[in-house]
Amino acid sequence: MTDPLIKRSGIQEEEDLTTLKFPRDLKDAKFLLNSEVAILLEHRKGISESEGTEFPQTFHKTLAYAEKFSRYKNKTSIKQVRTALSKQNLEEFEIASLANLCPEISDEAKSLIPSLKRMEDDELQAILDELSNLRKFN
Amino acid sequence: MFFHLTLEKDLHMHPKHCGPNLFTIATQQLYSEVEGTCTGRYGFIITITSVDFLSKGKVLESSGYVVFNVKYKAIIFKPFKGEVLDAIVTKVTNLGFFAEAGPLSIFVSTQLIPSDMIFDAQSAVPCFVSEDGSSKISKDDEVRLQIKGTRVDATEIFAIGSIREDYLGVIG
Chain A
1 MTDPLIKRSG IQEEEDLTTL KFPRDLKDAK FLLNSEVAIL LEHRKGISES EGTEFPQTFH
61 KTLAYAEKFS RYKNKTSIKQ VRTALSKQNL EEFEIASLAN LCPEISDEAK SLIPSLKRME
121 DDELQAILDE LSNLRKFN
Chain B
1 MFFHLTLEKD LHMHPKHCGP NLFTIATQQL YSEVEGTCTG RYGFIITITS VDFLSKGKVL
61 ESSGYVVFNV KYKAIIFKPF KGEVLDAIVT KVTNLGFFAE AGPLSIFVST QLIPSDMIFD
121 AQSAVPCFVS EDGSSKISKD DEVRLQIKGT RVDATEIFAI GSIREDYLGV IG
C-alpha cells in the first residue's frame, strides 16, 4: 500500500522552466547538446557493433534525431561553444537550449527560452552573435 | 532535452553466471534490462555510459539469486513542460499532426496550430497550409514546437505540443 515510490511520485514537484526549477531527482543532471549526444551514441555504436550487439529501437531513433539536429559536427567546435557559453552567466539548461535551437536574435531567444528574459537584449545578442560566428567557421 | 545522470539499481543475477565472467555478464544484463526503457520519473533511458558495482553480491537464500547494488551513468531524454524543441512530422490528420523527437512522440492538435493554417484535404499528401500558401506542414517536415504538457505512465511518455507561439512552426 505504501510503496515509497508511489508516495514519492505523488508529491513529485513539477518543473518550471521560467525559473529553471527541476524535480529534485534531476538536480545532478548534466544537460547535453544534441551534438554531444550524437557523438556519444555514435561512439557507443562503434564499440558494440563489432561485438554484434542489438540495440533497442529507441537507440536508433535517438541517434538519427541527434544527428539530424546536431548543429556542431566536431568535438573542437562543441568545446568552443561550451567555453564561450560557460563564461557567461548562464545555467546548464540555457546553454544546451541555446546551442540546440540557435536563435538569431535576442527576442527570439527570449521567446523560446523564457528564463533568458532576465538578461539585457544587448548582452544576449552578443552571445547569439558569437554562437553564429562559431557555426559559420566550423 | 538530453542529460547525463547517475542512477542506481539492484541487479539480480542468476547463480549460473557466478564464475570468472560474472561482472561482464552482469554488465551486459544491466545494459539489456535498462537501455531502451522509459520511466515517468526520469524519462527515456537511451544508453549507459559507465557502470560501477557498489556492493559485494548478496545471495538471496530463498532463490539463490545474487543481488548487486549498481550505480550507472546514463544518457536520458526527458521532455519538460514549456521546453522548445525541434521534431520531425510523422503523420498529418484533419485533427492535427504527430511529430517525433528521438524516442518521444508529440501530438499537435488543430487548436494549437495557428488559426490561419488549415487542413488541406484535396492535396495528394495530407498537409496543413497557411492561407497565403507560404508555409506548409506535411510528413517528414522539420518543425519547432513547444511542449505544452506530458502524459506520463509507467513505461511511456507522450507529449502535447504547440506551434501557436512566436518563432515556432516549420523550420525552413
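Those sequence lines, one after another, are chains A and B.
Anchor point for the first sequence: position 14 equals 14 in our numbering, and the numbering is continuous, going up by one each time.
Anchor point for the second sequence: position 74 equals 74 in our numbering, and the numbering is continuous, going up by one each time.
Ideal Cβ placement from N, Cα and C applies to all residues, glycine included.
By DSSP, does Thr24(B) sit in helix, in strand, or in coil?
-> In this structure, Thr24(B) counts as helix in the three-state DSSP scheme.
Lys9(B) beta carbon less than 9 Å from that of Asn69(B) = Yes, the pair counts as a contact, with Cβ atoms nearer than the cut-off.
Whole alpha helix (DSSP H) elements within the segment 78-136 of chain A, 4-residue minimum = For the segment 78-136 of chain A, whole alpha helix (DSSP H) runs of length 4 or above, ordered along the chain, are 92-101, 106-112, 121-136.
Could you tell me if Gly52(A) is buried or exposed, where buried requires 16 or more neighbouring beta carbons within 10 angstroms of its beta carbon?
-> Counting the other CB atoms within 10 Å of its CB gives Gly52(A) a total below 16, which places it among the exposed residues.
Arg144(B), enclosing beta strand (DSSP E) - first and last residue | Residue range 142-153 is occupied by the beta strand (DSSP E) that includes Arg144(B).
Can you round the beta-carbon distance between Ile137(B) and Pro79(B) to whole angstroms, since I take them to be within the 8 Å contact cut?
-> Between Pro79(B) and Ile137(B) the Cβ distance is about 20 Å, and since that is not below 8 Å, they are no contact.
Local conformation of Ser48(A) per DSSP, three classes = In this structure, Ser48(A) counts as helix in the three-state DSSP scheme.
So is Gly19(B) buried or exposed if we call it buried at 16+ other beta carbons inside 10 Å?
-> By the neighbour-count rule (16 or more Cβ atoms within 10 Å), Gly19(B) is not buried but exposed.
Cβ-based burial, Leu30(B) [other Cβ within 10 Å; buried from 16] | Buried: at least 16 other Cβ atoms inside 10 Å.
In this structure, what does DSSP give as the bridge partners for Lys30(A)?
-> Answer is His4(B).
Can you name the residues of chain A whose CB is closer than 7 Å to the CB of Glu131(B)?
-> Scanning chain A for C-beta atoms nearer than 7 Å to the C-beta of Glu131(B) yields nothing, as the closest lies near 23 Å away.
In chain B, which residues lie less than 9 Å from Asp25(A) when you measure between Cβ atoms?
-> The answer, in chain order, is Leu5, Arg41, Tyr42.
Given Ile76(B), which residues of its chain have a CB within under 8 Å of its CB, disregarding the five upstream and five downstream residues?
-> Its chain contains Phe2, Phe3, His4, Leu5, Tyr42, Gly43, Phe44, Ile45, Ile46 as the residues whose beta carbon lies nearer than 8 Å to that of Ile76(B), once the 5 sequence neighbours on both sides are disregarded; these appear in chain order.
Outcome for Glu123(A) when other beta-carbon atoms lying within 10 angstroms are tallied against a minimum of 16 | Exposed: under 16 other Cβ atoms inside 10 Å.
Ignore the nearest five residues each way along the sequence and tell me which others in Met1(A)'s own chain have a CB closer than 8 Å to its CB.
-> Residue placement at Met1(A) cannot be trusted, given a pLDDT of 46 that sits under 50; what the coordinates show is reported in the next sentence. Result list for Met1(A): empty, nothing under 8 Å.
Reducing DSSP to helix, strand and coil, say where Glu100(B) ends up.
-> When DSSP states are grouped into helix, strand and coil, Glu100(B) belongs to the strand group.
For Ala101(B), which residues of its own chain have a beta-carbon under 6 Å away from its beta-carbon, when the five flanking residues on both sides are left out?
-> Within the same chain, Leu85, Ala87 come within 6 Å of Ala101(B) by CB-CB distance, once the 5 residues on both sides are set aside.
Is there contact between the segment 105-117 of chain A and the segment 79-94 of chain A, where contact requires at least three CB pairs shorter than 8 Å?
-> Three or more Cβ pairs drawn from the segment 105-117 of chain A and the segment 79-94 of chain A lie within less than 8 Å of each other, which places the two stretches in contact.
Simplified DSSP state of Thr110(B), which is helix, strand or coil | Note: Thr110(B) maps to helix in three-state DSSP.
In this structure, what does DSSP give as the bridge partners for Glu156(B)?
-> Asp153(B).
Taking Cβ-Cβ distances shorter than 7 Å, what residues in chain B pair up with Phe69(A)?
-> Correct list: Asp86.
Using a Cβ cut-off of 9 Å (strictly closer), state whether Ser111(A) contacts chain B.
-> Chain B places a beta carbon closer than 9 Å to that of Ser111(A), counting this residue as a contact.
Determine, using beta carbons only, whether Glu8(B) comes closer than 9 Å to chain A.
-> At a cut-off of 9 Å between beta carbons, Glu8(B) makes no contact with chain A.
Using three-state DSSP, classify Lys16(B) as helix, strand or coil.
-> Secondary structure at Lys16(B): helix, using DSSP grouped into helix, strand and coil.
Would you mind sorting Ala26(B) into buried or exposed? The rule is 16 or more other CB atoms within 10 Å of its CB.
-> With 16 or more other Cβ atoms within 10 Å, it is buried.
Who are the Cβ neighbours of His60(A) in its own chain at under 7 Å, not counting the five residues just before and after it?
-> Correct list: empty, nothing qualifies.
Short CB-CB distance (under 9 Å) between Glu15(A) and chain B | With 9 Å as the cut-off, Glu15(A) counts as an interface residue toward chain B.
Which residues in the same chain have their Cβ closer than 6 Å to the Cβ of Ile95(A), if we skip the five residues on either side of it in sequence?
-> The beta carbon of Ile95(A) sits closer than 6 Å to the beta carbons of Leu85 from its chain, once the five residues preceding and following it are set aside; these are given in chain order.
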